[in-house]
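Engineer: Sharing a structure here in structure tokens format.
In this note's numbering, the protein residues as written are 1272 to 1345.
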């Protein structure tokens, strides 16, 4: 059996993970997945293999599956 769904991917700093999770849950999500995140962009390189000077400033990737794209856009 298959269902239509939308995957929302959020990249943010670990220091605000709790606030982002509260917004996700307030929109009805019953769960989400968090990964350490790194990469390169306009602000330079964010490695995942090294400790940050302050752990809270490390990046995390949050993935949420929603039933519709409308929920994802809220």
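Where is the CB? At the ideal position from N, CA and C, for every residue including glycine.
Here the structure is a predicted model, which is why all the values come from computation and not from measurement.
Who are the near neighbours of residue 1280 in its chain, counting only those whose CB is closer than 7 Å to its CB and skipping five residues on each side?
Structural biologist: 1332 and 1334
Engineer: Express the C-alpha separation of residue 1292 and residue 1299 in angstroms, rounding to a whole number.
Structural biologist: 11 Å
Engineer: What is the DSSP secondary structure of residue 1277, counted as helix, strand or coil?
Structural biologist: Reduced to three states, the DSSP call for residue 1277 is strand.
Engineer: How far does the alpha helix (DSSP H) with residue 1287 in it extend, from its first residue to its last?
Structural biologist: Element bounds for residue 1287: n/a, residue is neither H nor E.
Engineer: Check residue 1297 in the structure and name its three-state DSSP category.
Structural biologist: helix
Engineer: Kindly identify the DSSP beta-bridge partner or partners of residue 1308.
Structural biologist: 1330
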